[in-house]
Each structure stands twice: as C-alpha cells, then as structure tokens.
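Residue numbering for the sequence shown follows the numbering used here, beginning at 13 and increasing consecutively.
All residues carry an ideal CB built from backbone N, CA and C; glycine is no exception.
Note that this is a predicted model, so its numbers are computed, not measured.
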Amino acid sequence: MSGTKGFADQLEDVLRADKLQTIKRRDGSLEGDVVLKETDADMCFGVTSLPISSTVVKIGSLQHLTGVKETGDLRKICDYLLVIPTGNLWSAVLIEMKKTLDQKNKEKGREQLRRSIPVVKYLESLCAIQAERDWEVVMRYVVVAEKESPRLDKGRTRVVAGFRRWREKHEKISVAFFVGDSLTAKALLAG
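(1) Would you be able to state if there are at least three C-beta pairs under 8 Å between the segment 38-49 and the segment 118-138?
(2) Within the continuous alpha helix (DSSP H) that includes Lys81, where are the two ends?
(3) So, is Thr34 buried or exposed, given that buried needs 16 or more other C-beta atoms within 10 angstroms?
(4) Under 8 Å between the Cβ atoms of Lys36 and Leu74?
(5) In the DSSP output, which residue or residues are listed as bridge partners for Phe57?
(6) Can you tell me which of Gln142, Arg145, Ser137, Ala104 puts its alpha carbon nearest to the alpha carbon of Leu125?
(7) Check whether the segment 148-164 and the segment 61-74 are in contact - that is, three or more C-beta pairs closer than 8 Å.
(8) Tell whether a beta-carbon distance below 8 Å holds between Gly18 and Pro130.
(9) For Ser186, which residues in the same chain have their Cβ closer than 8 Å to its Cβ, ignoring the five residues on either side in sequence?
(10) Please state whether the Cβ-Cβ distance between Leu23 and Val95 is less than 8 Å.
(11) By the 10 Å Cβ neighbour count, where 16 or more other Cβ atoms means buried, how is Ser137 classified, buried or exposed?
(12) Could you pull the start and end residues of the alpha helix (DSSP H) that Ala29 belongs to?
Next comes the structure, spelled out in structure tokens:
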C-alpha cells in the first residue's frame, strides 16, 4: 500500500481496466484528451486538455447495485466520473450524457447525477482504505448534450446553434449544463 498515490492513481489500482477510459496523451505534454461515449444514445463528447494524472471511470457500467430493487430510479446513475487533480484537491466530476436536451432529459440527468453521489463516496472510501490515507474531494455535476430541443416562444421557433452552457440547482446540488461536442477540462471544472 502506498501513501504517495493520489486518488486518481488509487482508483486505477482498485478498478478493473474495462471500467476505465484511456486518456490520449499529447506528445511531450502533461495533458491529454478523452472521448466519452454513450452507446445507447450514439453520442460522443470530447474533453480536451485533461491532466494526464486524471482518471476517467465508466461509472454507469460498474454494476454496483445488483442487490438493489429495480423499481423507480434507485439504480439509475450517470455515465462517467472524471477524477481531476486541482491544486491540493481532487475534483470528482460526474457526467451524464444526453443526445438531446429537453425538459424530460434535463430532469432525468439531474436525478442520475444526484443518485451517483453514493457510488463516488464508496469509491473514495475504498481507495482511502486501500491507500491508508484520505483526500480532499470536491464534487461537481455536469450534463452534456449534443443539441438542445427547439424552443417555442412568441416569435418563431429557433434552435440554438454552437456551444452553450448554464447552471441550475437541483435538490442540494448545482448542475452545469453544456450543449456542444467538446470542452476543455478547465471549462468543465469552471462550469
């Protein structure tokens, strides 16, 4: 057991390789890029300039809740967890991917993020026990979408083109929404 490993490194030690997403390193750089994929929605979202000391977990495929009833939203969690070093802290960024962002998908995405919190806390505890140390972890919540549903207003119907972002409160968390196909890690953390 090593007390010098960071949270991201420890996650890589405790999770199976098929539950991790590879960060493609840029030549001679301490940053890389990753493409997050959501096969059900046939969607990809890129995160660029991600520190290579980060870890990307396919949290939605962990199958951690096989003993929990399938009723309601008990087992619905988000797609990805990005653990990113930020100074002396670790940012745990939960990401839910939606092909189209309408009111129904917004609500569903916010709830999936909220229900993913216990999984991150479990992973953090598991890593802390294994490494015999704790980390200061800051949670962040993000919904990404390729496009936003057209909005009806008193004028004509208009589809918002290009990149768009905003933040909304849901229960006790603040969720950042991004509409576009990629984002830098810095912009993702800034929300």
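Here's the rundown:
(1) no
(2) Neither: Lys81 is in no alpha helix (DSSP H) and is coded neither H nor E.
(3) exposed
(4) no
(5) Leu48
(6) Ala104
(7) no
(8) no
(9) Tyr153, Arg179, Glu180, Gly203
(10) yes
(11) exposed
(12) Counting along the chain, Ala29 falls outside any alpha helix (DSSP H), and DSSP gives it neither H nor E.
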